[in-house]
Every structure is written in C-alpha cells, then in structure tokens.
Amino acid sequence: MKVMYLSWESPWPAHGGGTLRTFGLLKQLSKFSELELVVLSKESLSVNQKIELQKYASSLIRVPMRSVKRRDKLRILDHMFRYRMPYHCALIDISLHQAPEVLKHIHNFLGVVYASYGH
Numbered sequence: 005m006k007v008m009y010l011s012w013e014s015p016w017p018a019h020g021g022g023t024l025r026t027f028g029l030l031k032q033l034s035k036f037s038e039l040e041l042v043v044l045s046k047e048s049l050s051v052n053q054k055i056e057l058q059k060y061a062s063s064l065i066r067v068p069m070r071s072v073k074r075r076d077k078l079r080i081l082d083h084m085f086r087y088r089m090p091y092h093c094a095l096i097d098i099s100l101h102q103a104p105e106v107l108k109h110i111h112n113f114l115g116v117v118y119a120s121y122g123h
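Each number in the working numbering corresponds to the 1-based position in the sequence shown with 4 added.
Here it is as structure tokens:
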C-alpha cells in the first residue's frame, strides 16, 4: 500500500506530544507501506532531519509554509474571510497553491493521503 503523509512541520526531532505521535506513526506506517512524506514547514529541513526522515520515507518533499512575513499574514486573513476557512486551513491552502507541482502530486496520488493535525 502507498501512503502520502502530510506533516505540519518536521516530526523529527520528536520533542513534544504532536511530534512524538507523528514520528511514531511514520515509523509504524513505513513498516507496512511505501511512505511519501510531505512536510509543510517555515524553515528548511536540516541535513540531519532529512537523513532521519528518509529512513522511513521513500520520498521526502518540503513545502514552505507562508506565514512568516507580514504580507503573508495579511494574505492569509484575506483568504480566511473570502473562502470562510480557519486560519491554519487558509495557511495550508495558500502554501500548497504556491507549490503547484506538489499539489498536483497530492491530487493524483494513487494511495492513501493522510494529513496530521486535521489539515
């Protein structure tokens, strides 16, 4: 079975409840399925993060999360009101639309797409 896992920030290093849960899930899923990992993050992944995550994922894609600059935040607010979305959903929607090749890959994925944290 093929699984694409959309992760809010990098699950490694796992240093809290959410990251521990996500990292544990990734480890278990990788035992039984081909796992593709899409990480939505504000920061680039470090070399150590890439090395650790690639132990479990056959494919690792990082999508920049657009919420750092003031202009980004205003755009997110506009998106929230225009499309009647909660903040985090608007943030993810904008970020993925700025990575159209990744969004297309998600839509055309032949397997299970799982999103952590309800996004």
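Think of the CB as a built atom: it goes at the ideal place given N, C-alpha and C, for glycine as much as any other residue.
Endpoints, beta strand (DSSP E) assigned at residue i
{"i": "A119", "result": "116 to 119"}
Under the three-state DSSP convention, the category residue i falls into
{"i": "Y9", "result": "strand"}
{"i": "S34", "result": "helix"}
{"i": "L41", "result": "strand"}
{"i": "R70", "result": "coil"}
{"i": "L64", "result": "strand"}
{"i": "L81", "result": "helix"}
{"i": "R25", "result": "helix"}
Proximal residues to residue i (C-beta, below 6 Å), its chain only, five neighbours per side dropped
{"i": "S63", "result": "E40"}
{"i": "A94", "result": "I80, H83, M84"}
{"i": "K6", "result": "E38, G115"}
{"i": "L107", "result": "L100"}
Cβ neighbour criterion (16 or more within 10 Å) applied to residue i
{"i": "Q32", "result": "exposed"}
{"i": "S48", "result": "exposed"}
{"i": "I55", "result": "exposed"}
{"i": "L81", "result": "exposed"}
Proximity to residue i [Cα-Cα], best of the options
{"i": "L44", "options": "I110, K35, K59, M69", "result": "M69"}
{"i": "G28", "options": "V116, L57, V106", "result": "L57"}
{"i": "N52", "options": "P17, D76, H111, L30", "result": "P17"}
Residue interval of the alpha helix (DSSP H) (run including residue i)
{"i": "H109", "result": "104 to 111"}
{"i": "A18", "result": "A18 -> no alpha helix (DSSP H), and no H or E assigned at all."}
{"i": "K54", "result": "51 to 57"}
Cβ-based neighbour list, residue i, same chain, cut-off 7 Å, excluding 5 preceding and 5 following
{"i": "A119", "result": "L10"}
{"i": "G99", "result": "The sequence shown places Ser at residue 99, not Gly. Cβ neighbours of S99 beyond the five flanking positions: L44, V67, P68, M69, R70."}
{"i": "F113", "result": "M8"}
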